[in-house]
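Shown next, in structure tokens, is the structure this report addresses.
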Amino acid sequence: MVDRGDSTPADERNPDWPEEPTAASTPPGTRTADAARDSVLAAGREIFATIGYSDATDLQICKRARATRGALQHHFGSKFGLFVAVVEHLQRDLCTRMSEAINLQHDPLGQARAGIATFLDGCGQATYHSVVLEQGPAVLGWDGWRELDDKYYAPPISALTDMLLPPRHGGYTAAMGAVAIRGAMTALTFEIARARDTALARTEALAVVDHLLISLQGMPSSADPAPARIGIGQLRATTSAYLDRVEAGEIFDVLRRGRVVARIQRCPPRIDPQ
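Written out as structure tokens, the structure is:
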């Protein structure tokens with residue numbers, strides 16, 4: 001688990017801190033606790049992205065948020081706890097955008113392409129790259145960083161890979177295929193960020209991932225049976241029975257006049273944001 005660190009003792013006060021409000025001094029309409037939390041979170045995100053975690057101070061964050069030291073400690077415990085929350089906020093937001101892009105597509109390969117393109121674009125944004133990719137592993141430790149990365153990105157990538165590949169395909173499992181795809185995605189984000197021409201690097205990265213997806217999906221295996229072939233008349237006569245078999249994982253090529261005109265397979269599930 002990610003260790004959120006120890007908070008600063010409450011009696012170690014700095015004269016520059018904003019004054020803690022009292023019941024008598026708090027006017028009507030004071031910000032709600034949620035609003036105060038959001039302000040501290042936004043301030044932390046901005047300061048961590050611009051000057052970095054190691055150089056940022058609690059005082060700078062609270063002044064930027066127009067919040068008290070008590071608000072930071074109440075909601076996040078410490079500067080470290082705030083950093084963890086900022087990382088999770090950025091990852092959750094990107095995961096939501098990935099899910100939206102995925103759900104606009106209707107076939108597994110199209111969904112994978114859309115989700116990965118959105119991921120690469122999100123990782124290329126300055127704040128995400130600085131906080132999550134550059135500072136994250138150093139501040140959280142490799143295990144802590146991987147824990148959060150798995151929490152948000154493993155489920156959607158695994159769901160897509162399960163649809164692209166049978167449980168065991170070409171001598172490896174769909175789970176191992178998901179690990180390969182996620183590893184490639186992470187490595188490519190760093191290459192895009194370092195490139196002089198980021199637009200060209202993004203195009204090349206998408207081409208690499210596209211080739212990887214197609215290769216994983218199309219790699220032959222003696223253990224994988226070829227799709228069964230059925231005539232269109234058979235399909236019309238017993239549609240319900242074939243749909244039940246498709247739901248169970250079978251794939252059918254539909255023939256018309258001796259040619260394959262369609263393939264029927266289980267539709268991918270909707271990917272809901274975390």
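Numbering-wise (UniProt numbering), the sequence shown opens with residue 1 and increments by one. Backbone N, C-alpha and C define an ideal beta-carbon position, used for all residues, glycine too. Predicted model, so just to flag it, every value in this text is computed and none were measured.
Asked                                                                                                        : Found
Per DSSP, the bridge partner or partners of Arg69                                                            : For Arg69, which the question treats as bridged, DSSP gives no partner whatsoever.
The region 89 to 96 contacting the region 179 to 196, beta-carbon criterion three pairs below 8 Å            : no
Bridge-paired residues (DSSP) for Val260                                                                     : Leu255
Cα-Cα separation between Arg256 and Asp244, rounded to whole angstroms                                       : 22 Å
Buried or exposed (CB count within 10 angstroms, at least 16 for buried), Val139                             : buried
Cα-Cα separation, Arg45 to Ala262                                                                            : 49 Å
Meets three-Cβ-pair contact criterion under 8 Å: the region 72 to 85 and the region 31 to 43                 : yes
Asp150, buried or exposed, once every other Cβ within 10 Å from all chains shown has been counted against 16 : exposed
Assigned exposure category for Arg259 - 16 Cβ within 10 Å defines buried                                     : exposed
Straight-line Cα distance separating Ile192 from Thr203                                                      : 9 Å
Top-ranked residue by Cα proximity to Gly124, from Ala205, Asn103, Gln60                                     : Ala205
Of the residues Thr238, Ser240, Gln265, Tyr242, the one placed nearest Ile251, counting alpha carbons only   : Gln265
Contact check, Leu160 vs Gly115, beta carbons under 9 Å                                                      : yes
Bounding residues of the alpha helix (DSSP H) (the contiguous stretch that carries Leu82)                    : 79 to 103
Where Glu250 sits in the DSSP three-state scheme                                                             : coil
Whole-number beta carbon distance between Tyr128 and Leu90, since they are thought to touch under 8 Å        : 5 Å
With 16 other Cβ atoms within 10 Å as the buried cut-off, status of Ser221                                   : Here the model assigns Ser221 a pLDDT of 44, short of 50, so the residue's position is not dependable, and the following value carries that caveat. It counts as exposed.
Same chain, Cβ closer than 6 Å to Arg37, five either side skipped, listed in chain order                     : His75
7 Å Cβ shell around Leu165 - same chain, five flanking residues per side excluded                            : Ala174, Gly177, Leu216, Gln217
Burial state of Trp142 (16 or more Cβ within 10 Å)                                                           : exposed
Element boundaries [alpha helix (DSSP H), containing Ala33]                                                  : 33 to 50
Alpha carbon of Val84 to alpha carbon of Ala56, nearest angstrom                                             : 14 Å
Closest Cα partner of Ala117 within the set Gly249, Val254, Gln234, Val208                                   : Val208
Whole-angstrom distance between Leu200 and Arg194, CA atom to CA atom                                        : 12 Å
Residue burial classification, Ser99 (beta-carbon count within 10 angstroms, cutoff 16)                      : buried
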